[in-house]
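Protein chains in written order, with my numbering: chain A, 1 to 446; chain B, 1 to 446. All C-beta atoms, glycine included, are put in the ideal place defined by N, C-alpha and C. Keep in mind it's a predicted model, so treat the numbers as computed, not measured.
Number of protein chains: 2
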Amino acid sequence: MCNTIKQLLKTNTRLINKNIVVKGWVKHKRTNKLKTFVIINDGSTIKNLQIIIEKEDQYINIGIYLKIKGIIVLSKGNKQTIELLAKNIKIYGIFKYKDLQKTILQPKKHSYKKLREQSYLRFRTNFFSSIMRIRHNVSYLIHKYFHKNGFYYIHTPIITNYDTEGSSNLFQVTTLNLKTNDLQSDFFGENAYLTVSGQMHAEAAALGLRKIYTFGPAFRAEKSKTPRHLSEFWMVEPEIAFFNLKNNMFLAEELIKYIIKNILILSKDDIEILDNKNLIVNNLTKILNKEFKRISYTKVIKILIKNGYNIIWGQDINYEHEKFLVEIYFKYPIIIFNYPIDIKPFYMRKNKDKQTVAAMDIIFPKVGEIIGGSQREERYDILLSQIKYFKLNSTILEWYINTRRFSTVPHSGFGLGLDRLIQFITNSKNIKEVIPFPRSRNKIYT
Amino acid sequence: MCNTIKQLLKTNTRLINKNIVVKGWVKHKRTNKLKTFVIINDGSTIKNLQIIIEKEDQYINIGIYLKIKGIIVLSKGNKQTIELLAKNIKIYGIFKYKDLQKTILQPKKHSYKKLREQSYLRFRTNFFSSIMRIRHNVSYLIHKYFHKNGFYYIHTPIITNYDTEGSSNLFQVTTLNLKTNDLQSDFFGENAYLTVSGQMHAEAAALGLRKIYTFGPAFRAEKSKTPRHLSEFWMVEPEIAFFNLKNNMFLAEELIKYIIKNILILSKDDIEILDNKNLIVNNLTKILNKEFKRISYTKVIKILIKNGYNIIWGQDINYEHEKFLVEIYFKYPIIIFNYPIDIKPFYMRKNKDKQTVAAMDIIFPKVGEIIGGSQREERYDILLSQIKYFKLNSTILEWYINTRRFSTVPHSGFGLGLDRLIQFITNSKNIKEVIPFPRSRNKIYT
């Protein structure tokens with residue numbers, strides 16, 4: 001019988017006196033005159049299992065993987081209820097203990113930056129394995145939420161020929177020899193880019209399947225380096241037919257609260273070992289208690305001006321403004337809606353005032369914008385005039401325009417930044433701490 | 001009360017005499033002297049709802065989205081048990097019926113190729129909406145299977161600096177102006193490519209978390225066009241520490257059978273409307289009944305030679321060979337294992353015979369290879385000598401080599417082609433029929 005440590009600790013005292021095989025690696029070792037005590041972990045849980053070895057083995061050291069056959073006994077210590085009395089040990093991949101000194105496997109506190117520099121070893125640390133298990137649970141909860149609510153998971157394309165957000169921060173995809181290129185002969189026969197959002201394709205899907213969502217990577221070649229941006233990040237984009245901005249806000253809030261409520265239960269053990277665990281639990285619990293504050297862009301501008309910020313109507317709200325609003329003024333997540341036309345993409349629905357569009361952004365403490373969404377412009381004529389107004393390429397957009405040509409309905413959706421959400425949940429200063437192998441300007445982490 | 005048609009048909013006769021709001025679009029319309037009968041669908045299910053309208057409305061036509069308030073009544077026809085007596089109808093996005101003639105929304109049988117040329121409208125057809133709901137269920141079942149079995153979902157990077165499979169079919173990712181490029185100033189400061197597989201990063205994760213899986217896009221710039229290849233496809237790659245080739249085969253077979261067993265139940269209605277539905281159900285049921293045949297590469301070569309194929313030991317098995325083996329010889333999925341070293345990537349574990357590696361491919365009828373996997377070479381010295389043997393860049397591979405340097409364990413994993421699996425399940429001739437917006441040489445579908 002071979003189990004993960006997670007399964008084993010769940011079965012607990014019912015295993016006493018049973019023969020068990022356990023596999024994992026050494027996190028800690030101490031020896032007294034009679035016995036050696038080895039703490040092993042296998043990544044299935046943050047919890048460890050203590051192994052008792054009758055005689056010392058010099059090769060058993062921190063970082064070494066072991067396979068141990070033994071008998072489960074009641075623990076004499078008070079840290080754990082069961083431990084394993086080793087009868088037979090197989091040692092994998094011996095290495096010199098001094099080599100460990102150069103790595104993040106050395107048992108001491110390392111800086112997050114140093115951990116990141118050895119991303120491929122980070123998975124073996126308490127900190128990062130917990131982050132990864134939390135990330136798994138968040139991802140699973142998202143799929144579960146949408147599945148039980150009748151949404152279909154759609155794989156929108158990664159390689160596209162259009163810049164949905166109009167940000168010009170595009171990665172080009174090519175098979176040309178970059179030194180002697182000939183654009184005509186490139187793989188797709190036209191310019192191809194990495195997607196910045198699956199939204200436009202998601203809209204087409206929602207107009208056929210009613211409720212859909214995407215869950216996939218997106219890319220922005222932004223040159224600025226901030227602790228909240230990645231060049232490659234994961235996005236979740238629900239899109240729903242017969243859905244207005246109000247419905248959209250409701251869905252977004254319900255989804256976030258569903259995730260947070262359940263992560264507090266599912267990832268309890270992993271949150272326990274994070275820095276400021278009490279603060280984290282408090283922050284997460286607080287989110288659940290109140291409705292997110294809905295406030296129009298125009299009102300936000302008034303508040304900012306009244307509080308001494310140098311901003312006028314029509315300008316974009318930046319991170320400093322967001323911080324003031326959610327951390328000092330409201331002290332709670334807010335949903336800002338109805339933004340000026342000129343600072344939002346062409347596809348958002350024009351409001352009756354002709355000055356604003358039915359956009360909404362959800363702003364969270366510390367991480368800022370966690371969700372951006374809108375009701376989409378479903379009216380054929382207005383969409384065409386918006387494309388003209390923004391001077392966009394209507395030939396390349398023809399398929400998108402056609403989704404409104406053969407009947408269409410009001411529809412809405414949003415993009416949830418998965419990494420940002422996990423950054424918020426784990427209270428991580430840098431978003432690079434929550435994704436396995438971060439990508440940013442001048443750096444491909446391995 | 002507004003429900004999807006799926007929810008409505010589930011609640012069924014309990015809704016009789018209740019006031020209901022239904023939204024969807026017109027699939028069919030017929031009028032007699034007294035009434036108009038309109039069939040609507042909303043994408044939530046392949047099933048439709050019949051609406052009875054007291055007087056004709058010329059604007060209500062095929063393709064038009066409607067919002068109908070009315071009362072649920074017992075149906076007089078025998079096709080459905082309930083129908084909706086319309087009291088009030090809102091018509092969205094009117095368009096000229098003759099415009100429909102140019103599109104795949106026109107109610108007649110279209111070729112798959114024509115459907116694909118209007119990918120953005122395909123979601124509104126019976127055929128493709130069913131494929132998408134099946135694709136959703138397959139995806140959800142995969143997440144569910146891994147979650148309940150203690151695997152963690154890892155997001156391996158899409159942008160990489162290495163060609164894992166050594167196939168040279170790489171897409172380069174760049175922010176250079178392709179006409180006047182300067183490689184030094186490119187975004188990442190080094191060559192960057194789209195991933196062909198998340199495996200190497202998945203290995204690093206498994207060595208810390210024991211059981212992990214990936215679920216994401218992968219890319220191959222293969223110039224050949226076949227009905228079984230996409231330039232952008234979705235892959236599921238489990239990777240498990242303390243796992244050998246035998247365990248690996250068991251997991252792969254169990255996963256596939258779990259998906260097929262459950263899809264027959266979950267997607268029953270959608271399979272019903274596919275071409276050759278009886279054949280599909282028979283094929284899927286047959287897969288569940290027997291263990292996949294395990295056979296070594298060496299034995300396969302002997303069978304092929306005996307059956308007149310011009311092949312010698314050391315050559316790769318091609319699609320024609322695979323077809324013969326699974327469709328004519330064994331008439332059942334097979335797992336071919338222990339391939340010659342020279343035709344497989346460097347990271348596969350060398351067998352004792354020094355001629356073969358612990359690889360395995362699962363071959364299915366019609367679609368060919370559906371899974372490719374191996375036990376990985378965990379022995380530091382042998383991995384180094386393999387890298388040398390294949391003349392690979394050991395500097396760029398240093399991080400990967402280091403996953404074996406500080407202890408390591410036997411580990412295995414495989415890649416499941418999600419699109420291929422769905423192609424098999426839905427008995428689709430072309431893989432482009434099972435992904436929303438296919439990408440292939442010279443073509444970015446919209």
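Exercise for review: Quick one: using the 10 Å Cβ neighbour count with 16 as the cut-off for buried, is A/S168 buried or exposed?
Suggested key: Classification for A/S168: exposed.
Check your understanding: Counting only beta-carbon atoms, is B/K10 nearer than 8 Å to chain A?
Key -> By this cut-off, B/K10 is not an interface position.
Check your understanding: Under 8 Å Cβ-Cβ, which residues of chain D neighbour A/G216?
Key -> Considering every chain present, this structure includes no chain D. Its protein chains are A and B.
**Study point:** Pair within 8 Å by beta-carbon distance, B/T446 and B/I131
**Key:** Not in contact: B/T446 and B/I131 (Cβ atoms no closer than 8 Å).
Check your understanding: Is there contact here, the segment 353-370 of chain B with the segment 127-143 of chain B, by at least three beta-carbon pairs under 8 Å?
Key -> Taking a cut-off of 8 Å on C-beta distances, the segment 353-370 of chain B does not touch the segment 127-143 of chain B, as fewer than three cross pairs fall below it.
Review point. Considering only residues of the same chain and omitting the five flanking positions on each side of A/I435, which have a CB-CB separation below 6 Å?
Key: Here the set comprises D419.
Check your understanding: When Cβ atoms are compared, which residues of the segment 218-239 of chain B fall closer than 7 Å to chain A?
Key -> Result list: A221, E232 and W234.
Point to revise | Own chain residues within Cβ distance below 8 Å of A/M1, not counting five before or after | key: Residue confidence is low: A/M1 scores 48 on pLDDT, short of 50, so the model does not pin down where it sits. Its coordinate-derived value is still stated next. Hits under 8 Å: K18, N19, I20 and V21.
**Study point:** CB contact below 8 Å: A/A204 versus chain B
**Key:** Taking CB atoms only, A/A204 has a neighbour in chain B less than 8 Å away.
Check your understanding: What does DSSP give as the partner residues of B/W25 in its beta bridges?
Key -> According to DSSP, which records beta bridges pairwise, B/W25 is partnered with B/N41 and B/Y65.
Exercise for review: Say whether chain B places a C-beta atom closer than 8 Å to the C-beta of A/F390.
Suggested key: Among the residues facing chain B, A/F390 is not included, as its CB has no counterpart in that chain under 8 Å away.
Point to revise | Proximity winner among B/Y92, B/R14, B/T81 and B/D57, relative to B/L49 (alpha-carbon distances) | key: Just measuring C-alpha positions, the residue of B/Y92, B/R14, B/T81 and B/D57 sitting nearest B/L49 is B/T81.
Review point. In chain A, which residues lie less than 7 Å from B/V173 when you measure between Cβ atoms?
Key: The CB of B/V173 comes closer than 7 Å to the CB of F171, V173 and L194 in chain A, given here in chain order.
Point to revise | Ordered list of alpha helix (DSSP H) runs contained in the segment 177-258 of chain B, each at least 4 residues | key: Complete alpha helix (DSSP H) runs here, min 4: 199-209.
Check your understanding: Three or more C-beta pairs closer than 8 Å, one from the segment 187-200 of chain B and one from the segment 30-40 of chain B: is that the case here?
Key -> Verdict: no, contact absent.
Check your understanding: If you count every other CB in all the chains shown that lies within 10 Å of the CB of B/W313, and 16 or more means buried, which is it?
Key -> Classification of B/W313: exposed, given that the 10 Å Cβ count is below 16.
Review point. What's the C-alpha gap between B/Y112 and B/N430?
Key: Rounded to the nearest angstrom, the gap between the Cα atoms of B/Y112 and B/N430 is 9 Å.
Review point. Which whole-angstrom value describes the C-beta separation of B/V409 and A/Y92, a residue pair presumed to lie in contact below a C-beta threshold of 8 Å?
Key: That pair is a contact at about 5 Å.
Review point. Checking contacts by CB at 8 Å: is A/P436 closer than that to chain B?
Key: Closer than 8 Å: yes.
**Study point:** B/Q375 versus A/K29: straight-line alpha-carbon distance, rounded
**Key:** Spanning the two alpha carbons is a distance of roughly 30 Å.
Practice item. Identify the contact partners of A/E190 in chain B, using a Cβ-Cβ distance below 9 Å as the criterion. Key: The contacting residues are N442 and I444.
Check your understanding: Excluding the five sequence neighbours on either side, which residues of its own chain have a C-beta within less than 7 Å of the C-beta of B/I334, listed in chain order?
Key -> Closer than 7 Å at the Cβ level, and outside the excluded window around B/I334, lie F292, K293, I295, L325, V326 and I363.
Review point. Touching or not, the segment 208-227 of chain B and the segment 143-150 of chain B, by the rule of three or more beta carbon pairs under 8 Å?
Key: Verdict: yes, contact present.
**Study point:** Span separating the alpha-carbon of B/E121 from that of A/L421
**Key:** For the record, residue 121 of chain B in the displayed sequence is Leu; it is not Glu. Cα to Cα, B/L121 sits roughly 33 Å from A/L421.
Exercise for review: State the CB to CB distance for the pair A/L9 and A/K67, rounded to an integer number of angstroms; the pair is presumed to be in contact (CB under 8 Å).
Suggested key: A/K67 and A/L9 do not touch by the CB rule: their CB atoms are close to 18 Å apart, not below 8 Å.
Review point. In whole angstroms, what separates the C-alpha of B/N281 from that of A/K98?
Key: Note on identity: in this sequence residue 281 of chain B is Val, with Asn being the wrong assignment. When rounded, the distance between both Cα atoms is 60 Å.
Point to revise | Bridge partner(s) assigned by DSSP for A/D361 | key: Beta-bridge pairing by DSSP links A/D361 to A/I336 and A/G372.
Exercise for review: On a CA-only basis, which of B/T164, B/I159, B/I370 and B/T4 is nearest B/H229? Give me that one, please.
Suggested key: B/H229 has its Cα closest to that of B/I370, out of B/T164, B/I159, B/I370 and B/T4.
Exercise for review: Have a look at B/Y59 and A/A204 and give me their C-alpha separation to the nearest angstrom.
Suggested key: Each residue's Cα considered, the two are about 23 Å apart.
**Study point:** Residue from A/V367, A/K268, A/T175 and A/F242 with nearest C-alpha to B/K223
**Key:** Distances from the alpha-carbon of B/K223 to those of A/V367, A/K268, A/T175 and A/F242 put A/T175 closest.
**Study point:** Alpha carbon of A/I311 to alpha carbon of A/N247, nearest angstrom
**Key:** In this structure, the CA atom of A/I311 is about 30 Å from the CA atom of A/N247.
Review point. How about A/V173 and A/I159: do their beta carbons lie closer than 8 Å?
Key: For A/V173 and A/I159, yes; Cβs fall inside 8 Å.
Practice item. Rank B/I263, B/R379 and B/Y347 by C-alpha distance to the C-alpha of B/L397 and give the top, closest one. Key: The candidate whose alpha carbon is nearest that of B/L397 is B/Y347.
Check your understanding: Tell me which same chain residues have a C-beta within less than 7 Å of the C-beta of B/V367, skipping the five on either side of it?
Key -> Closer than 7 Å at the Cβ level, and outside the excluded window around B/V367, lie R228, R420, Q423 and F424.
Practice item. May I ask you to report which of helix, strand or coil DSSP gives B/T103? Key: Note: B/T103 maps to coil in three-state DSSP.
Point to revise | Three-state class that DSSP yields for B/M1 in the structure shown | key: Because B/M1 sits at a pLDDT of 48, beneath the cut-off of 50, its placement in the model cannot be relied upon, and the following sentence gives the value as read from the coordinates. Shown here, B/M1 sits in coil according to DSSP, grouped into three states, outside any helix or strand.
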